[in-house]
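Single-structure report; data block below.
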Amino acid sequence: MLLTPRQEEIVALAKANGKVLVDELAVRFSVTPQTIRKDLNDLCDARALTRVHGGAIFPTGNENVKYESRRAIAAAEKQAIGRMAAGLIPDNSSLFINIGTTTEAVGEALADHRELMVITNNINVANRLRLFSGIEVVIAGGVVRREDGGIVGEAAVDFIRQFKVDFAVIGVSA
Numbered sequence: 306m307l308l309t310p311r312q313e314e315i316v317a318l319a320k321a322n323g324k325v326l327v328d329e330l331a332v333r334f335s336v337t338p339q340t341i342r343k344d345l346n347d348l349c350d351a352r353a354l355t356r357v358h359g360g361a362i363f364p365t366g367n368e369n370v371k372y373e374s375r376r377a378i379a380a381a382e383k384q385a386i387g388r389m390a391a392g393l394i395p396d397n398s399s400l401f402i403n404i405g406t407t408t409e410a411v412g413e414a415l416a417d418h419r420e421l422m423v424i425t426n427n428i429n430v431a432n433r434l435r436l437f438s439g440i441e442v443v444i445a446g447g448v449v450r451r452e453d454g455g456i457v458g459e460a461a462v463d464f465i466r467q468f469k470v471d472f473a474v475i476g477v478s479a
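For the sequence shown, the numbering used here assigns the number 306 to the initial residue and increments by one for each residue that follows.
The following block contains the structure:
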């Protein structure tokens with residue numbers, strides 16, 4: 306699901322405040338409460354928020370926002386970060402890219418690079434970069450985590466340890 310700018314702001318407000326309320330959001334965005342309820346329902350369907358009486362809360366604890374939903378949150382900002390980071394990586398170099406929606410944006414922005422070797426444990430990055438003729442993709446072996454396409458486990462760690470790369474693009478869940 307691609308989020309609208311209003312939905313992105315709603316998620317950001319929920320994250321900052323822990324909770325958002327229908328009536329307050331309706332006033333803030335100058336829309337009807339029904340419009341906000343639809344936004345909240347869509348965001349909850351995407352598991353970006355959790356619906357509560359009168360509004361929604363930002364998920365906390367061990368329950369992460371679904372990977373596909375995270376991909377849509379702040380997508381334009383992630384693309385801008387991706388372009389900036391890719392601009393720091395010269396042709397004829399090697400790099401490691403780990404799992405994450407922002408690291409995917411960096412990978413996507415490498416499309417015009419030449420003579421790159423990308424080592425990754427991110428099946429999404431590997432699948433996308435395999436299409437670019439100037440990029441050699443080396444992917445870790447191991448267990449594929451269903452939630453995000455990360456290749457994890459001891460085999461993946463042992464595989465990655467054998468490389469020395471010029472750059473690393475490391476994401477963190479936040």
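Cβ coordinates follow ideal geometry from the N, Cα and C atoms, glycine included.
With burial defined as no fewer than 16 other Cβ atoms inside 10 Å of the residue's Cβ, what is the status of LEU434: buried or exposed? The residue labelled residue 434 in the question sits at position 129 within the sequence shown. Buried: at least 16 other Cβ atoms inside 10 Å.
Would you kindly check if the distance between the Cβ of ILE475 and the Cβ of ASN408 is under 9 Å? To locate residue 408, count along the sequence shown from 1; it is residue 103. To locate residue 475, count along the sequence shown from 1; it is residue 170. Position check: residue 408 holds Thr in this sequence, whereas Asn was assumed. Against a cut-off of 9 Å, the Cβ pair of ILE475 and THR408 comes out as a contact.
State buried or exposed for LEU393, treating a residue as buried only when at least 16 other CB atoms are found within 10 Å of its CB. Along the sequence shown, one-based indexing puts residue 393 at 88. With fewer than 16 other Cβ atoms within 10 Å, it is exposed.
Among ALA361, VAL357, THR309 and ALA414, whose alpha-carbon lies nearest the alpha-carbon of ALA321? Residue 321 sits at position 16 when you count from the first residue of the sequence shown. Considering only alpha carbons, the answer is ALA361.
C-alpha gap between GLU368 and GLY455, whole angstroms: For this step, residue 368 is matched to residue 63 along the sequence shown. For this step, residue 455 is matched to residue 150 along the sequence shown. With a pLDDT of only 49 at GLU368, under 50, the local geometry of the prediction cannot be trusted, and the value read off the model is given with reservation. Roughly 17 Å between the two C-alpha positions.
Within the chosen definition, does the segment 444–454 reach the segment 384–401 through at least 3 CB pairs nearer than 8 Å? no
For LEU330 and THR337, I'd like the C-alpha separation in whole angstroms. Stepping through the sequence shown from its first residue, residue 330 is reached at position 25. Stepping through the sequence shown from its first residue, residue 337 is reached at position 32. The straight-line gap from Cα to Cα measures roughly 9 Å.
Could you give the DSSP three-state label for ASN367: helix, strand or coil? Here residue 367 is taken as the residue at index 62 of the sequence shown, counted from 1. Unreliable positioning characterises ASN367 in this predicted model, as indicated by a pLDDT of 47, which lies under 50. The coordinate reading is nonetheless provided below. Here ASN367 sits in coil by DSSP.
Cβ-based neighbour list, ARG342, same chain, cut-off 8 Å, excluding 5 preceding and 5 following: Locating residue 342 in the sequence shown gives position 37, counting from the first residue. Taken in chain order, the residues that qualify are VAL327.
Between the alpha carbons of ASN426 and VAL462, how many angstroms are there, rounded? Within the sequence shown, numbered from 1, the residue matching residue 426 stands at position 121. Within the sequence shown, numbered from 1, the residue matching residue 462 stands at position 157. Looking at the two C-alpha atoms, the distance is approximately 9 Å.
Less than 6 Å between C-beta atoms, sequence neighbours within five positions excluded: which residues of the same chain meet that for VAL442? Along the sequence shown, one-based indexing puts residue 442 at 137. Contacts found: VAL423, ALA431, LEU434 and ARG435.
Out of GLU413, ASP344, PRO310 and ASP350, state which residue places its alpha-carbon closest to the alpha-carbon of ALA391. Position 86 of the sequence shown, counted from the first residue, corresponds to residue 391. The candidate whose alpha carbon is nearest that of ALA391 is GLU413.
Backbone CA spacing between THR309 and ILE315 [nearest angstrom]: Here residue 309 refers to the residue found at position 4 when the sequence shown is read from its first residue. Here residue 315 refers to the residue found at position 10 when the sequence shown is read from its first residue. Cα to Cα, THR309 sits roughly 10 Å from ILE315.
If you draw a straight line from the alpha carbon of GLY458 to that of PHE468, how long is it in whole angstroms? One-based indexing of the sequence shown puts residue 458 at position 153. One-based indexing of the sequence shown puts residue 468 at position 163. Answer to the nearest angstrom: the Cα atoms are 17 Å apart.
ALA353: buried (16+ other C-beta within 10 angstroms of its C-beta) or exposed? Here residue 353 corresponds to residue number 48 of the sequence shown, with the count starting at 1. By the neighbour-count rule (16 or more Cβ atoms within 10 Å), ALA353 is buried.
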